[in-house]
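Novice:
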Amino acid sequence: MPNSPQNLSPVRVAILLPSLQVGGAERLVLEELNYLKDDPRFAFEVHLVFDEGPFFEELSGFGLPVYVWRAPHKSIRMIKIYWDISRHLRQKKCDVLHCHLLNSIGSLLGKLAGVPTVTTAHGDIAFKFWARFGFKRSALVLGCGEKVAKNLRRFVKRSKVGVLNNAVQSRPRKYSEQGSLINKLELSPNSFLLLTLGRLTQQKGYDILIHAMQKVVLAAPEAVLLIGGEGSDLQQLQELIKLLSLEKHVQLLGVVDNTHELLEQCHIYINSSRWEGLPMTLLEAMSHGKPIIATNVGGNPDVIIDGETGLLVEPADVDALSQSILTLLRDSVLRDKMAMEAKKLFLAEYGIEKHCEKLAAYYLSLV
Numbered sequence: 293m294p295n296s297p298q299n300l301s302p303v304r305v306a307i308l309l310p311s312l313q314v315g316g317a318e319r320l321v322l323e324e325l326n327y328l329k330d331d332p333r334f335a336f337e338v339h340l341v342f343d344e345g346p347f348f349e350e351l352s353g354f355g356l357p358v359y360v361w362r363a364p365h366k367s368i369r370m371i372k373i374y375w376d377i378s379r380h381l382r383q384k385k386c387d388v389l390h391c392h393l394l395n396s397i398g399s400l401l402g403k404l405a406g407v408p409t410v411t412t413a414h415g416d417i418a419f420k421f422w423a424r425f426g427f428k429r430s431a432l433v434l435g436c437g438e439k440v441a442k443n444l445r446r447f448v449k450r451s452k453v454g455v456l457n458n459a460v461q462s463r464p465r466k467y468s469e470q471g472s473l474i475n476k477l478e479l480s481p482n483s484f485l486l487l488t489l490g491r492l493t494q495q496k497g498y499d500i501l502i503h504a505m506q507k508v509v510l511a512a513p514e515a516v517l518l519i520g521g522e523g524s525d526l527q528q529l530q531e532l533i534k535l536l537s538l539e540k541h542v543q544l545l546g547v548v549d550n551t552h553e554l555l556e557q558c559h560i561y562i563n564s565s566r567w568e569g570l571p572m573t574l575l576e577a578m579s580h581g582k583p584i585i586a587t588n589v590g591g592n593p594d595v596i597i598d599g600e601t602g603l604l605v606e607p608a609d610v611d612a613l614s615q616s617i618l619t620l621l622r623d624s625v626l627r628d629k630m631a632m633e634a635k636k637l638f639l640a641e642y643g644i645e646k647h648c649e650k651l652a653a654y655y656l657s658l659v
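Under the working numbering, the first residue of the sequence shown carries the number 293, and numbering increases by one thereafter.
1. When DSSP labels each residue in this structure, what does Leu-570 get in the three-state scheme?
2. Would you kindly report the start and end of the unbroken alpha helix (DSSP H) that includes Leu-356?
3. Determine whether the beta carbon atoms of Val-321 and Leu-658 lie at a separation below 8 Å.
4. Ignore the nearest five residues each way along the sequence and tell me which others in Gly-643's own chain have a CB closer than 7 Å to its CB.
5. Does the count of Cβ pairs from the segment 398-410 and the segment 420-440 closer than 8 Å reach three?
6. Beta carbon of Gly-315, beta carbon of Thr-573: below 8 Å?
7. Quick one: is Ala-504 near chain B, going by C-beta distance under 8 Å?
8. Could you compute how far the alpha carbon of Arg-424 sits from the alpha carbon of Asp-594?
9. Which term fits Gln-313, buried or exposed, when burial requires 16 or more other beta carbons within 10 angstroms of its beta carbon?
10. Suppose you measure from the CA of Leu-656 to the CA of Leu-620; what does that come to, to the nearest Å?
11. Taking the alpha-carbon positions, what's the Asn-563 to Gly-353 distance?
12. Run through the segment 520-592 for me and flag every whole beta strand (DSSP E) of 3 or more residues, listed as ranges in chain order.
13. Taking the C-alpha atoms as reference points, what is the distance between Glu-344 and Val-360?
14. Are the CB atoms of Arg-333 and Pro-302 within a distance shorter than 8 Å?
15. By a C-beta neighbour count over all protein chains shown, 10 Å radius and 16 as the cutoff for buried, is Tyr-467 buried or exposed?
16. Restricting to Cα atoms, I'd like to know which of Ile-371, Arg-362, Asn-326, Lys-372 is closest to Glu-350.
17. Tell me the rounded alpha-carbon separation between Arg-291 and Lys-534.
18. Spatial neighbours of Ser-378 within its chain, please: C-beta separation below 7 Å, excluding the five flanking residues on both sides.
19. So, do the segment 595-611 and the segment 539-557 have three or more beta carbon pairs nearer to each other than 8 Å?
20. Looking only at its own chain, which residues have a Cβ that is under 8 Å from the Cβ of Ile-502, when we skip the five neighbours before and after it?
21. Where Gln-527 and Val-610 are concerned, what is the direct C-alpha to C-alpha distance, given to the nearest angstrom?
22. Please return the same chain residues whose Cβ sits closer than 8 Å to the Cβ of Leu-456, not counting the five positions on each side in sequence.
23. Please list the terminal residues of the continuous beta strand (DSSP E) segment that includes Leu-389.
24. Using the C-alpha atoms, what's the distance from Ser-480 back to Asp-628?
25. Along the chain, which unbroken stretches of the alpha helix (DSSP H) at least 4 residues long are found entirely within the segment 427-451?
26. Note the first and the last residue of the continuous alpha helix (DSSP H) segment covering Asp-317.
27. How about Gly-602 and Ala-586: are their beta carbons less than 8 Å apart?
28. Look at the alpha carbon of Ala-363 and the alpha carbon of Arg-382, and state the distance between them as a whole number of angstroms.
29. Is it buried or exposed, Lys-442, if we count other Cβ atoms within 10 angstroms and call 16 or more buried?
30. Return yes when the Cβ of Val-605 is within less than 8 Å of the Cβ of Ser-664, no when it is not.
31. By the three-class DSSP mapping on this structure, what secondary structure does Leu-658 have?
32. From Leu-486, His-392, Glu-633, pick the residue whose C-alpha is nearest to that of Glu-514; which is it?
33. Looking at C-alpha atoms only, which residue of Leu-554, His-380, Arg-319, Lys-384 is the closest neighbour of Lys-476?
34. When DSSP labels each residue in this structure, what does Phe-336 get in the three-state scheme?
35. Using the C-alpha atoms, what's the distance from His-552 back to Gln-470?
36. For Gly-241, which three-state DSSP category applies?
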């Protein structure tokens with residue numbers, strides 16, 4: 293074994309991903325590296341194929357070797373870049389290549405470099421041809437939840453599929469001054485805050501959530517929805533908010549750097565996705581002890597047990613979503629009960645410590 297007294301050489305692990313954009317997969321990579329970077333069993337290096345991305349500054353503070361390859365999108369030059377990366381992996385004698393969001397390319401690079409490849413499947417969607425191609429050629433494929441892993445086993449050899457639940461670090465709460473967020477956003481002191489975080493894309497179902505808000509505010513005018521994130525649907529969502537006259541009840545915050553403050557001070561966290569893997573933001577909300585409403589997709593039902601740790605609704609169901617919001621808004625006892633149960637489940641199953649020890653065991657099994 294690499295960590296035995298007879299062999300003190302650390303296992304060299306190369307992490308490969310497109311860039312460090314604001315997203316759940318990228319956040320998970322940072323959580324893993326932050327926990328494992330000082331583990332003497334491993335020596336990590338990070339490869340960003342296209343560019344740095346907003347999370348790059350955080351990665352820079354870890355003191356790890358980072359290579360930014362600046363590959364041009366949809367250009368023949370990408371072939372040379374990928375060849376250069378594989379040559380680098382051979383020269384550095386990397387033991388394991390761990391790929392995120394580059395399923396087909398990562399497995400090919402691993403084959404070229406003669407390095408076993410670990411691929412994490414971050415989503416529960418109908419895996420496209422190139423994703424399946426990459427998964428099949430990886431030494432190990434990790435589903436971010438049991439449901440994702442179950443889908444992987446339909447076309448990947450069972451012995452090559454593992455489960456590694458998403459996880460986040462449990463951070464101690466820093467109780468902000470009561471109402472500070474409400475003051476900052478210039479909201480009414482009586483505002484009831486609903487929060488959702490993620491990219492502004494069709495996947496996240498924010499159009500459905502905004503339509504649900506139209507029904508919610510008729511019964512509860514104190515309700516305010518905060519949406520943190522940016523993405524391709526920004527203009528469409530802005531127009532929808534205006535069309536439904538919800539400017540006072542829905543705020544698009546853009547990229548947020550105060551995620552934990554938002555989670556700390558919101559009353560309910562909502563995931564309205566049409567499809568998902570196991571959202572990091574859902575786990576963060578659980579770690580903050582927040583009542584949650586989520587759609588019954590992907591890994592959401594693994595953590596949201598309907599009626600116990602939160603409420604589940606079917607995707608794209610405006611009526612069910614609005615009714616669930618009103619149910620929790622009106623019942624503080626139910627909110628507190630669900631928040632407590634969600635926090636207990638998080639601490640038992642979804643802390644970063646358990647996740648990283650399991651990941652370390654997967655790495656060691658390949659060398």
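C-beta: ideal position from N, C-alpha, C; glycine also.
Specialist: So, from the listed chains and residues:
1. Within the sequence shown, residue 570 is the residue found at index 278, counting from 1. The answer is coil: DSSP assigns Leu-570 none of H, G, I, E or B.
2. As a working mapping, residue 356 is identified with position 64 in the sequence shown. Per DSSP, Leu-356 belongs to no alpha helix (DSSP H) and is neither H nor E.
3. Working through the sequence shown from its first residue, we reach residue 321 at position 29. Working through the sequence shown from its first residue, we reach residue 658 at position 366. No.
4. Within the sequence shown, numbered from 1, the residue matching residue 643 stands at position 351. The residues are Ala-459, Ser-462.
5. yes
6. Position 23 of the sequence shown, counting from 1, holds the residue named residue 315. Position 281 of the sequence shown, counting from 1, holds the residue named residue 573. Cβ atoms of Gly-315 and Thr-573: not closer than 8 Å.
7. No chain B appears in this structure, which consists of one protein chain only.
8. For the purposes of this step, residue 424 is taken as the residue at position 132 of the sequence shown. For the purposes of this step, residue 594 is taken as the residue at position 302 of the sequence shown. Each residue's Cα considered, the two are about 24 Å apart.
9. Walking along the sequence shown from the start, residue 313 turns up at place 21. The residue in question, Gln-313, is buried, as its Cβ has 16 or more Cβ neighbours within 10 Å.
10. Along the sequence shown, one-based indexing puts residue 656 at 364. Along the sequence shown, one-based indexing puts residue 620 at 328. When rounded, the distance between both Cα atoms is 45 Å.
11. One-based indexing of the sequence shown puts residue 563 at position 271. One-based indexing of the sequence shown puts residue 353 at position 61. The straight-line gap from Cα to Cα measures roughly 31 Å.
12. 542-546, 560-563, 584-587
13. By one-based count along the sequence shown, residue 344 stands at place 52. By one-based count along the sequence shown, residue 360 stands at place 68. Distance between the alpha carbons of Glu-344 and Val-360: 7 Å.
14. Working through the sequence shown from its first residue, we reach residue 302 at position 10. Working through the sequence shown from its first residue, we reach residue 333 at position 41. Yes, they are a contact pair.
15. In the sequence shown, residue 467 corresponds to position 175, counting from 1. Because the pLDDT at Tyr-467 is just 48, under 50, the model does not fix this residue reliably, and the point stays unresolved.
16. Position 58 of the sequence shown, counted from the start, is the residue given in the question as residue 350. Selected option, being the one with the closest Cα: Asn-326.
17. The question about residue 291 has no answer here: the residues shown for the chain are numbered 293 through 659.
18. Position 86 of the sequence shown holds residue 378. Result list for Ser-378: Leu-401, Leu-404, Ala-405, in chain order.
19. no
20. Stepping through the sequence shown from its first residue, residue 502 is reached at position 210. Leu-517, Leu-529, Leu-532, Ile-533, Leu-536, Leu-538, Val-542.
21. Within the sequence shown, numbered from 1, the residue matching residue 527 stands at position 235. Within the sequence shown, numbered from 1, the residue matching residue 610 stands at position 318. Distance between the alpha carbons of Gln-527 and Val-610 is about 21 Å.
22. For the purposes of this step, residue 456 is taken as the residue at position 164 of the sequence shown. Answer for Leu-456: Thr-412, Leu-434, Gly-435, Cys-436, His-647, Lys-650, Leu-651, Tyr-654, listed in chain order.
23. In the sequence shown, counting from the first residue as 1, residue 389 sits at position 97. Counting along the chain, the beta strand (DSSP E) containing Leu-389 begins and ends at 388-392.
24. Locating residue 628 in the sequence shown gives position 336, where the first residue counts as 1. Locating residue 480 in the sequence shown gives position 188, where the first residue counts as 1. Going from the Cα of Asp-628 to the Cα of Ser-480 covers about 23 Å.
25. 438-444
26. As a working note, residue 317 is residue 25 in the sequence shown. Reading off the sequence shown, one finds Ala at residue 317, where the question assumed Asp. Element bounds for Ala-317: 316-328.
27. Within the sequence shown, numbered from 1, the residue matching residue 602 stands at position 310. Within the sequence shown, numbered from 1, the residue matching residue 586 stands at position 294. Yes, these two residues count as a Cβ contact at 8 Å.
28. On the sequence shown, residue 363 is found 71 positions in, with the first residue counted as 1. On the sequence shown, residue 382 is found 90 positions in, with the first residue counted as 1. Distance between the alpha carbons of Ala-363 and Arg-382: 19 Å.
29. The residue given as residue 442 occupies position 150 in the sequence shown. Per the 10 Å Cβ criterion, exposed.
30. This structure leaves residue 664 out entirely; the chain is present only between 293 and 659.
31. As a working note, residue 658 is residue 366 in the sequence shown. Correct three-state label for Leu-658: coil.
32. The count along the sequence shown starts at 1 and reaches residue 514 at position 222. Nearest of Leu-486, His-392, Glu-633 to Glu-514, Cα basis: Leu-486.
33. The sequence position of residue 476 within the sequence shown is 184, counting from 1. The residue with the shortest Cα to Cα distance from Lys-476 is Leu-554.
34. As a first step, residue 336 must be located in the sequence shown, where it is residue number 44. The answer is strand: DSSP assigns Phe-336 an E or B state.
35. Mapped onto the sequence shown, residue 470 falls at position 178. Mapped onto the sequence shown, residue 552 falls at position 260. Residue placement at Gln-470 is poorly supported in this model, since its pLDDT is 47, which falls under 50; the coordinates still yield a value, given next. Cα to Cα, Gln-470 sits roughly 15 Å from His-552.
36. Residue 241 is absent from the model: the chain starts at 293 and stops at 659.
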